[in-house]
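One structure below.
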Amino acid sequence: MIRTELREHVFKMLFQIEFNEPSEMPDHLKYYFETLADAQEKDREYIRNKFEAAAGKVPEIDELINSAAKGWKTSRMNKVDLTILRLAVYEMLWDDDVPQGVAINEAVELAKRFGGDDSSSFVNGVLGQIARRELR
């Protein structure tokens with residue numbers, strides 16, 4: 009799989025943390041992998057590792073999002089947009105394999121695909137704020 013596809017799978021798994029208990033996530037991950045007929049073991053490992061790493065940083069990521077999203081708090085955000093932001097912020101700040109610009113561009117593309125009409129501009133704006141603050 010290419011990185012864009014892998015990122016989409018990580019996004020889908022990360023989205024599930026909004027609706028499931030942390031103790032249930034290993035079973036959800038296992039079931040999700042059963043539905044991925046074209047995924048090789050290295051793809052599954054990449055998805056699992058990035059999902060677990062991003063999920064482990066959610067409180068810290070949410071603080072950054074809350075400080076950057078003017079007039080919005082994570083508790084009120086559309087869950088799709090929030091998940092895209094969480095993944096992108098993780099990639100921007102902790103994933104050395106993903107350049108900042110790529111993380112932002114990929115997040116905007118995910119927002120266009122899975123979000124609402126205003127999602128891509130919202131995601132781009134919040135990530136731009138975080139990039140200006142955190143990555144000087």
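All residue numbers for the sequence shown refer to the numbering used here, where the first residue is 9 and numbers rise by one.
Virtual Cβ for every residue (Gly too), placed ideally from N, Cα, C.
- Going by beta carbons, Leu118 and Ile92 fall inside the 9 Å limit.
- By the Cβ-count criterion, Ser127 is buried, with 16 or more other Cβ atoms from all chains shown falling within 10 Å of its own Cβ.
- In the DSSP assignment, Pro34 falls within the unbroken alpha helix (DSSP H) covering Met33 to Glu42.
- Measuring C-alpha to C-alpha distances from Gly79 to each of Phe130, Lys38, Ile55 and Glu29 identifies Phe130 as the nearest.
- Uninterrupted beta strand (DSSP E) stretches at least 3 residues long and entirely within the stretch 70-97 do not occur.
- For Phe27, there is no enclosing alpha helix (DSSP H), as DSSP marks it with neither H nor E.
- Just measuring C-alpha positions, the residue of Gln48, Gln108, Val18 and Val110 sitting nearest Val88 is Val18.
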